[in-house]
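Start counting the sequence shown at -16; every next residue gets the next number (the numbering used here).
What follows is a set of notes on a single structure, which appears directly below.
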Amino acid sequence: MGFFKEIGNAIVRLVGGLNAILWGDLFVLNFNNGETQFGISLLVILLIPAGIFFTI
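Set out below in structure tokens:
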């Protein structure tokens, strides 16, 4: 029973880590001396060139 619980916990950590990599901010752009912040995720970095490529 403990084995399946460990496997379940590993899957939850894996999905959480993947979520943080794709949708978490890789870097943050600050505007107005830090008043406004704009975060850029890996998913955005991948989707913008793909959208341009498949549009042209």
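The beta carbon of each residue, even a glycine, is placed where N, CA and C say it ideally should be.
In this text the structure is predicted, and so the values were computed from the model without any measurement.
{"query": "Nearest-angstrom Cβ-Cβ length linking L5 and L26, presumed shorter than 8 Å", "result": "5 Å"}
{"query": "Given A3 as reference, the closest of G34, P32, L30, I23 once Cα atoms are compared", "result": "I23"}
{"query": "DSSP three-state assignment for G7, whether helix, strand or coil", "result": "coil"}
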